[in-house]
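Q:
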Amino acid sequence: MNEPAINPEIVAAHGLKPDEYERILAILGRTPSFTELGIFSAMWNEHCSYKSSKKWLRTLPTTGPQVICGPGENAGVVDIGEGLAVVFKMESHNHPSYIEPHQGAATGVGGILRDVFTMGARPVAAMNALSFGAPDHPRTAHLVKGVVEGIGGYGNAFGVPTVAGEVRFHPAYNGNCLVNAFAAGIARADAIFYSAASGVGMPVVYLGAKTGRDGVGGATMASAEFDDTIEEKRPTVQVGDPFTEKRLLEACLELMASGAVISIQDMGAAGLTCSAVEMGDKGGLGIRLDLDRVPVRETGMTAYEMMLSESQERMLMTLRPEKEAEARAIFAKWDLDFALIGETIAEDRFLILRGNEVKADLPLSKLASSAPEYDRPWTLPPPPPPLPELPAIGAIAALRALIGSPSHACKAWVWEQYDSMVMGDTVRAPGLGAGVVRVHGTARALAFTADVTPRYVKADPVEGGRQAVAEAWRNLVAVGARPLAATDNLNFGNPEKPEIMGQFVGAIRGIGEACRALDFPIVSGNVSLYNETDGRAILPTPSIGGVGLIEDLSGMIAGLPEAGDVAIVIGATTGHLGQSALMAEAFGIEAGPPPPVDLAAERRHGAFVLARRALIRAAADLSDGGLALAAFEMAEAAGIGVALEAGDIATLFGEDQARYLLAVRAGDAAALMAAAAADGVPATIAGRFGGADLRLGAEAAPLADLSALYRGAFEAAIG
Amino acid sequence: MKAAVITFPGSNCDRDLAVAFAAAGADVARVWHKDTALPAGTDVVGIPGGFSFGDYLRCGAIAARAPIMAAVAAHAARGGFVIGICNGFQVLTEAGLLPGALMRNAGLRFVCKPVDLIVTGQSAFTDGWAQGARIRLPIAHHDGNYQAAPETLARLEGEGRVALRYAQNPNGAARDIAGVLSENRRVLGLMPHPERAIEAAQGGSDGAALFAALMGATAPA
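Heads up: the protein sequence lines correspond to chains A and B, in order. Numbers in the working numbering are just positions in the first sequence, counted from 1, shifted up by 69. Numbers in the working numbering are just positions in the second sequence, counted from 1, shifted up by 56.
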């Protein structure tokens, strides 16, 4: 089949800027073929090349004694003791999910699971962080239903428990929802698999599902803004098949155990192109692929289509040749394709053959390493408008405004659609802070949380970046886990706008500072830019996925408060209402600075909670909605009332950081307060759990009434 | 007790079921769906939850025709014990070892949560619980809406073969049925997951009694 000749329109349609095309001409010394142009566009788009973000990502702390492998592989790897490691990452599937919510979200889950098991880890937990537009926007309910169904449909069938996550609504996401999927797996620390090929003449093997035309150009689509033509982009969204993924998982783990694998890489964005180039580049080798041998499910596919297809549930590996028969038998057992499609070569070439024709012949290392890198101009946003005076509102009315809003209402409608218990090791299911999963066959457990407060990041990117990390860290501490490491999923608008780039640069600075101060390195992550529609950007949303270790399950701070427990606040309360959930939800006011984050106080207070865990029955971090919302959520989950002494709105709903709400047995309260005094940690007795009412100072309401509002509000808005 | 847990390619509760059998003291063999025979001396066959062959069409329909199922049917015909949980229940109805069918949940959504159940049938599986006892087990399914012809339902009720009933119906199942027994009470299908509730750390341990009761029933005289 003849390929079209290259002209400026074709170059532009591939998302390549004129100067980027000039760079290609300089590398090749000739005009690229159509297939070659497609390959360059796949490697050099924002999604795959991180060309706008690389300079800043390098500033993040990524190392520590616990880190086995930081960013750059499919997922981060962290030591958890007993010869085991946790492998995890969070990744966005925003653009596809807005176009086709069910499949977009499903394949986001599929992609992140593959990132984890490609490294030899069996996935044991999933989370997701979702951001949608205003609940009453005409598209929102459709997106929520589709995304939740897609996540559930994939994760439930695959068989990984979804144990935590967040869901928020804000009009800034009306034209771009965010779907950030996290997965974690467990592997033997001495049996991690990497992507770097080694050895010349090693077979390159294609594993998994067949290749179709789905998703051709998906990564390029994900690197563009939306406009009113998005319906035309539907064919670029891939279709997920969790049944194939489950078989691919089992077959890959068997294959790895057999010793047949030299290197392995999943086919994600830009499928065959990215995976093959990655393997070759990391191993300092060239790759030759004969596309006639690729298993296909459609006839007449061109080299261009095969190289850019994003068909799901596929892997590429280099094989120890002497193990071929054994490897084939494993894939036959699971009824999956296994095809030798090429080999590693000594020359620095990426050589693509189709029907006895050379379709691409590119210098592989330059293709991988010469992607443009931009130092885009940036400017930090001006300070937010000052916080106006708090309008008059009663404490119970304020709480009702929060728990009746879908962002702060009970999300059972969402998480009950996810299997949170498969594998039998979930010890803390979704609903209240971090999820906790036992490490099978040990006394250990891992805690997982995903956090960010986009309002804060918009108002002050640096402080907002710090806060996202601090909140994730606190959520881990609140279940008794020692925070180990984090993954970041950075969702922003168009980086070519200096004010958006400024949000990104500021947030990275804040994230880096907090991660350094809290010994909480970033070991994997993903950047999603161009989240804009018709020039309107999302709120800057750097989701932080945190992972913590509970060395013995008996040390978990689980459980719910019981009647008679004393409510104690750790940390200082000043009543900071700037950018608070209350102001936003009750009055539509997003003003004032976000709460300052004192990283030294975070560290000190967290250490105190972990050291005194034996005195603590239940704990929660204080964040959105402050003391009042946290106390309500804890009490509601336990089905008992709570009485807080404070009645003023700022104390109840202020969002000062570095704070925890503890439920402490009455007999232990004095000991806990004395310990706090001894350690120099601020602690305040805030009230007592029990009774049938929720009492805030002089005001009270029956818990049952509030509970009905809290449990019904999400479905009322979306269902 | 010798237990055999079947694994279809899309099973995902097979390990959990094996763990629960082993925790009760059973010897557990894992059996691949392409096998044609059960290990000698098998007392109980466990058909686990999951999505046996993706379940894109009728749940359990392809699994019911897998090579191992002839051996499972023969085992049941000999009076051997068989338990099918969730997808396993769907497989047993598709295989004709239990009456009725599991339809899409009335709410059309997947539902995962702990539910309260009333013990209503007497069998080697359920005798660890008192008749009429209220127990709590997790459910996690998209197709758990049990339906059967009116005369079949009447017969199941009349013969005391409704093993478990939902206290609050989560999926539209006829007569709140959560689990049913075969005529000889040696084949049980149920949508709730007892294997996910065998110790307190999981949020409840009511499921352990089922495995303990089976151990008792299969103990050498």
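Even glycine gets a Cβ: it sits at the ideal position worked out from N, Cα and C. The structure presented is a predicted model; accordingly, all values stated were derived computationally and were not measured.
State the Cα-Cα distance for the pair E724 of chain A and G640 of chain A, rounded to the nearest angstrom.
A: Locating residue 724 of chain A in the first sequence gives position 655, counting from the first residue. Locating residue 640 of chain A in the first sequence gives position 571, counting from the first residue. Roughly 11 Å separates the two Cα atoms.
Q: What does a CB cutoff of less than 6 Å around D83 of chain B pick up in its chain, not counting 5 residues either side in sequence?
A: For the purposes of this step, residue 83 of chain B is identified with residue 27 of the second sequence, where counting begins at 1. Cβ within range, chain order: K58.
Q: On the CB-based measure, 16 or more other CB atoms within 10 Å of its CB, does K86 of chain A come out buried or exposed?
A: Within the first sequence, residue 86 of chain A is the residue found at index 17, counting from 1. Exposed, by the Cβ-count rule.
Q: Grouping DSSP H, G and I as helix and E and B as strand, with all else coil, what is R282 of chain A?
A: For the purposes of this step, residue 282 of chain A is taken as residue 213 along the first sequence, with counting starting at 1. Three-state DSSP puts R282 of chain A in coil, outside helix and strand.
Q: Anything in chain A within Cβ reach of V171 of chain B, meaning under 9 Å, just list it in chain order.
A: Your numbering for residue 171 of chain B matches position 115 in the second sequence. Those do not exist, as V171 of chain B stays about 11 Å from chain A at its closest Cβ, beyond 9 Å.
Q: How is F238 of chain A classed by DSSP in three states: helix, strand or coil?
A: For the purposes of this step, residue 238 of chain A is taken as the residue at position 169 of the first sequence. Reduced to three states, the DSSP call for F238 of chain A is strand.
Q: Among B:F77, B:G272 and B:Y202, which residue has its Cα nearest to the Cα of E150 of chain B?
A: Numbered from 1 along the second sequence, position 94 holds the residue referred to as residue 150 of chain B. Of B:F77, B:G272 and B:Y202, the residue nearest in Cα terms is B:Y202.
Q: Going by beta carbon distance, what residues of the same chain come within less than 8 Å of E395 of chain A, once the five residues before and after it are set aside?
A: In the first sequence, residue 395 of chain A corresponds to position 326, counting from 1. Excluding positions up to five away in sequence, the list reads S327 and A329.
Q: Who pairs with S187 of chain A in a beta bridge, going by DSSP?
A: As a position in the first sequence, residue 187 of chain A is number 118, starting the count at 1. Here residue 187 of chain A turns out to be Thr, not Ser, going by the sequence shown. Answer by DSSP bridge pairing: none, since T187 of chain A is not bridged.
Q: Under 8 Å by Cβ, that's how I've got A498 of chain A and S489 of chain A pegged, so tell me the actual separation to the nearest angstrom.
A: What you label residue 498 of chain A is simply residue 429 of the first sequence in a count that begins at 1. What you label residue 489 of chain A is simply residue 420 of the first sequence in a count that begins at 1. With a Cβ gap of about 5 Å, A498 of chain A and S489 of chain A count as contacting.
Q: Taking Cβ positions, are G110 of chain B and G140 of chain B nearer each other than 8 Å?
A: For this step, residue 110 of chain B is matched to residue 54 along the second sequence. For this step, residue 140 of chain B is matched to residue 84 along the second sequence. No, they are not a contact pair.
Q: Within 8 Å of any Cβ in chain A, is that where the Cβ of F77 of chain B sits?
A: Mapped onto the second sequence, residue 77 of chain B falls at position 21. False, the Cβ-Cβ gap to chain A never drops below 8 Å.
Q: Using the Cα positions of R543 of chain A and L730 of chain A, report the straight-line distance between them to the nearest angstrom.
A: If you number the first sequence from 1, residue 543 of chain A lands on position 474. If you number the first sequence from 1, residue 730 of chain A lands on position 661. Looking at the two C-alpha atoms, the distance is approximately 11 Å.
Q: Between which residues of its own chain and C584 of chain A is the CB-CB distance below 8 Å, once the five residues before and five after are set aside?
A: Counting from 1 along the first sequence, the entry for residue 584 of chain A is found at position 515. Closer than 8 Å at Cβ, skipping near neighbours: L129, P130, V538, A555, P590 and I591.
Q: Give the range of the alpha helix (DSSP H) segment to which P523 of chain A is assigned.
A: Translated into positions along the first sequence, residue 523 of chain A becomes position 454. First-last of the alpha helix (DSSP H) with P523 of chain A: P523 to A528.
Q: Evaluate contact between the region 113–125 of chain B and the region 222–242 of chain B, counting only Cβ atoms and requiring at least three cross-stretch pairs below 8 Å.
A: Contact fails: fewer than three Cβ-Cβ distances are below 8 Å.
Q: Does the CB of C168 of chain B have a neighbour CB from chain A at under 8 Å?
A: As a working note, residue 168 of chain B is residue 112 in the second sequence. For C168 of chain B, the answer is yes, since a Cβ of chain A falls inside 8 Å of its Cβ.
Q: In the DSSP assignment, the alpha helix (DSSP H) including V217 of chain A goes from what residue to what residue?
A: Here residue 217 of chain A is taken as the residue at index 148 of the first sequence, counted from 1. It spans T209 to F227 - the alpha helix (DSSP H) in which V217 of chain A sits, taken as one unbroken run.
Q: Quick one: what does DSSP say C142 of chain B is sitting in, helix, strand or coil?
A: Here residue 142 of chain B is taken as the residue at index 86 of the second sequence, counted from 1. If DSSP states are grouped into helix, strand and coil, C142 of chain B belongs with coil.
Q: Listed from N- to C-terminal order along the chain, which residues in the region 213–237 of chain B have their beta-carbon within a distance smaller than 7 Å of any beta-carbon of chain A?
A: Answer set for the region 213–237 of chain B: empty.
Q: Sort A:I410, A:D417, A:A320 and A:V285 by Cα distance to Y373 of chain A and report the nearest one.
A: As a first step, residue 373 of chain A is located in the first sequence; it is residue number 304 there, counting from the start. For the residues A:I410, A:D417, A:A320 and A:V285, the minimum Cα distance to Y373 of chain A belongs to A:V285.
Q: Mind the definition here: the region 734–746 of chain A touches the region 648–656 of chain A only if three or more C-beta pairs lie below 8 Å; say whether that holds.
A: No: fewer than three Cβ pairs fall under 8 Å.
Q: When Cβ atoms are compared, which residues of the region 130–146 of chain B fall closer than 7 Å to chain A?
A: Listed by position along the chain: nothing, the set is empty.
Q: With a Cβ-Cβ cutoff of 8 Å, do A253 of chain B and G245 of chain B count as a contact?
A: Residue numbering aside, residue 253 of chain B sits at position 197 when the second sequence is read from its first letter. Residue numbering aside, residue 245 of chain B sits at position 189 when the second sequence is read from its first letter. In this structure, G245 of chain B does not lie closer than 8 Å to A253 of chain B by Cβ.
Q: Examine the Cβ distances between the region 180–196 of chain A and the region 137–152 of chain A and report whether three or more of them are shorter than 8 Å.
A: These segments touch.
Q: Beta strand (DSSP E) containing N558 of chain A: first to last residue?
A: Position 489 of the first sequence, counted from the start, is the residue given in the question as residue 558 of chain A. R551 to N560 is the span of the beta strand (DSSP E), which, as asked, contains N558 of chain A.
Q: Show which residues of chain A have a CB atom less than 9 Å away from the CB atom of G110 of chain B.
A: As a first step, residue 110 of chain B is located in the second sequence; it is residue number 54 there, counting from the start. Result: A226, D310, P311, F312, T313 and K315.
Q: Check each candidate in A:V147, A:L471 and A:L324 and name the one with the smallest Cα separation from A258 of chain A.
A: Position 189 of the first sequence, counting from 1, holds the residue named residue 258 of chain A. Looking at the Cα atoms, A:V147 is the closest of the given residues.
Q: Looking only at its own chain, which residues have a Cβ that is under 7 Å from the Cβ of A512 of chain A, when we skip the five neighbours before and after it?
A: As a working mapping, residue 512 of chain A is identified with position 443 in the first sequence. Closer than 7 Å at the Cβ level, and outside the excluded window around A512 of chain A, lie D621 and L622.
Q: Does DSSP classify M52 of chain A as helix, strand or coil?
A: Residue 52 of chain A lies beyond the residue range present for chain A, which begins at 70 and ends at 788; the question has no answer from this structure.
Q: Could you list the residues in the region 480–496 of chain A with a C-beta less than 9 Å from some C-beta on chain B, going in chain order?
A: Answer in chain order: A481, W482, W484, E485, Q486, Y487, D488, S489, M490, V491, M492, G493, D494, T495 and V496.
Q: Can you find the residues in the same chain that come closer than 6 Å, C-beta to C-beta, to T176 of chain A, ignoring five residues on each side of it along the sequence?
A: Translated into the one-based positions of the first sequence, residue 176 of chain A becomes position 107. Result list for T176 of chain A: Q307, G309 and Q381, in chain order.
Q: So, with DSSP's three-state summary, where would you put K874 of chain A?
A: Residue 874 of chain A lies beyond the stretch modelled for chain A, which goes from 70 to 788, so this question has no answer here.
Q: Going by C-alpha to C-alpha distance, which of A:V638, A:M703 and A:M742 sits closest to T720 of chain A?
A: In the first sequence, the residue the question calls residue 720 of chain A occupies position 651. Measuring from the Cα of T720 of chain A, the nearest candidate turns out to be A:V638.
Q: Identify the continuous alpha helix (DSSP H) that holds L106 of chain A and give its terminal residues.
A: Looking up residue 106 of chain A in the first sequence gives position 37. That run of the alpha helix (DSSP H) goes F103 to W113.
Q: Could one say the Cβ of D72 of chain B lies closer than 8 Å to chain A's Cβ atoms, at least one of them?
A: Within the second sequence, numbered from 1, the residue matching residue 72 of chain B stands at position 16. D72 of chain B counts as touching chain A.
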